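Notes follow the structure.
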């Protein structure tokens, strides 16, 4: 019998220090914008179309906001250097917004997830819900759409 080997901890430079996501467009008035959160808690927003706020904004969140986003998206994060589309996408509705999520490490390596919110499999709906919840978590939801 051999000894079980523990996976090696990632090098500090391999761990993401920035997570960004782009939302939009659709055929209609879906908001089109980008958000980025860094390990230090700084969150950057840029509204392009159909957002309450157009142009760049930034805010300082608690540093645990980054870790919360990292944890919420961990199961969908591809390996660094990989671009992956949503798996198991059928059935699919057309004309709904797309998300592109990018994890970037200190070396500049990227992992990219491209997600179509028109994907209606159970796993795709779970990912869509997680992504839609990020705006509120990062405090940019009022910049995106009117809140009741």
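Numbering (the numbering used here), first residue to last: 664 to 811. Even glycine gets a Cβ: it sits at the ideal position worked out from N, Cα and C. In this text the structure is predicted, and so the values were computed from the model without any measurement.
Distance between residue j and residue i (C-alpha atoms, nearest Å)
i	j	result
residue 731	residue 737	10 Å
residue 785	residue 754	10 Å
residue 797	residue 781	18 Å
residue 779	residue 749	7 Å
residue 745	residue 767	11 Å
residue 742	residue 691	34 Å
residue 681	residue 764	11 Å
residue 669	residue 787	Low local confidence applies: a pLDDT of 42 at residue 669 is under 50, so the model's placement there is unreliable, and no value is given.
Per-residue burial, residue i [other beta carbons within 10 Å of its own, 16 or more giving buried]
i	result
residue 679	buried
residue 665	Confidence in residue 665 is poor, its pLDDT being 45 and thus under 50, which makes the residue's placement unreliable; the coordinate value appears in the next sentence. By the 10 Å Cβ count, residue 665 comes out exposed.
residue 710	buried
residue 805	exposed
Residues that residue i bridges to, as DSSP identifies them
i	result
residue 768	679
residue 777	748, 763
residue 755	782
residue 709	697, 719
residue 684	698, 764
Within 8 Å, strictly: CB atoms of residue i and residue j
i	j	result
residue 706	residue 697	no
residue 793	residue 740	no
residue 687	residue 694	yes
residue 724	residue 799	no
residue 683	residue 702	no
### Query
Is it true that the region 713-731 meets the region 754-765, where meeting means three or more beta-carbon pairs spaced less than 8 Å apart?
Flag = no, the region 713-731 and the region 754-765 do not touch.
### At least three beta-carbon pairs within less than 8 Å, the region 775-785 to the region 706-715
With the cut-off at 8 Å, the region 775-785 and the region 706-715 do not touch.
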